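Going by the numbering used here, the sequence shown wraps up at 174, each residue one higher than the last. Virtual Cβ for every residue (Gly too), placed ideally from N, Cα, C. Keep in mind it's a predicted model, so treat the numbers as computed, not measured.
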Amino acid sequence: RQLYFNEEEIGLTFLVFRYFSGILGSQDFEPISHYMTALGMFAKTDMHLRLEPQCYLNFYLAFKKALILNETTDEKADIKDLGFKLIGDLLKNRDEYDKVIDIGSQLEINNGEITTAFTLKEIVGMKQYAGLYFVTLAARKMYGDKAIILTENNVDK
18 RQLYFNEEEI GLTFLVFRYF SGILGSQDFE PISHYMTALG MFAKTDMHLR LEPQCYLNFY
78 LAFKKALILN ETTDEKADIK DLGFKLIGDL LKNRDEYDKV IDIGSQLEIN NGEITTAFTL
138 KEIVGMKQYA GLYFVTLAAR KMYGDKAIIL TENNVDK
């Protein structure tokens, strides 16, 4: 198993870092703030401190708010379909994507409370979907609106 970044992954990481740094302090940074909050929660979650619902919700809000902020849409738009339209080519499984987004939507509607069971797999899926969209935004910023990012790996493995 590969435990290091290859050249392509380092390039994508730098691309996203430059994007994040470029919008720091602006209203465009709000989705990234949710993403970073979720990363911190994910790192601190253990059997004594259960932050899974809040972590999941913040990854979902990062994805949703980034879509609303950067695409021609409004808060009432179908985020699930819009998101899949933008990152779906990088995914293998629409059903898994729908399930992950539906759980995030339920968490948002119920203020972080949910009866539907989910695991770290779904949290990581939500993190990956937000991350893929941030890579897309970073590529657009650097290469224009026609930028397309294709990777060898799929998220839903």
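Exposed or buried, which one is residue i when buried takes at least 16 other CB atoms within 10 Å?
| i | result |
| --- | --- |
| Ile118 | buried |
| Tyr114 | buried |
| Gly100 | buried |
| Lys81 | buried |
Whole-angstrom Cβ separation of residue i and residue j, contact assumed at under 8 Å?
| i | j | result |
| --- | --- | --- |
| Phe76 | Ala55 | 4 Å |
| Tyr73 | Ile126 | Contact flag wrong, Cβ pair sits at about 13 Å. |
| Ala147 | Ala60 | The pair is not a contact, with the Cβ atoms about 16 Å apart (cut-off 8 Å). |
Taking the alpha-carbon positions, what's the residue i to residue j distance?
| i | j | result |
| --- | --- | --- |
| Ser122 | Thr132 | 13 Å |
| Asn87 | Lys144 | 18 Å |
| Leu84 | Leu66 | 30 Å |
| Thr153 | Ala164 | 8 Å |
| His51 | Arg18 | 30 Å |
| Gln44 | Phe37 | 12 Å |
| Leu149 | Leu32 | 12 Å |
| Thr89 | Gly57 | 30 Å |
Give me, in chain order, the residues of the same chain whose beta-carbon lies closer than 7 Å to that of residue i; leave out the 5 immediate sequence neighbours on both sides.
| i | result |
| --- | --- |
| Glu169 | Only weak support is given to the placement of Glu169: the predicted model assigns it a pLDDT of 49, under 50, and the value that follows is read from those uncertain coordinates. Excluding residues within five positions, none has a Cβ falling inside 7 Å. |
Taking only beta-carbon atoms, is residue i less than 7 Å away from chain D?
| i | result |
| --- | --- |
| Ala164 | No chain D appears in this structure, which consists of one protein chain only. |
Which same chain residues end up closer than 8 Å to residue i when comparing Cβ atoms and leaving out the 5 residues on each side of it in sequence?
| i | result |
| --- | --- |
| Pro70 | Leu124, Gly129, Glu130, Ile131 |
Given residue i, which residues of its chain have a CB within under 6 Å of its CB, disregarding the five upstream and five downstream residues?
| i | result |
| --- | --- |
| Val141 | none |
| Phe151 | Val33 |
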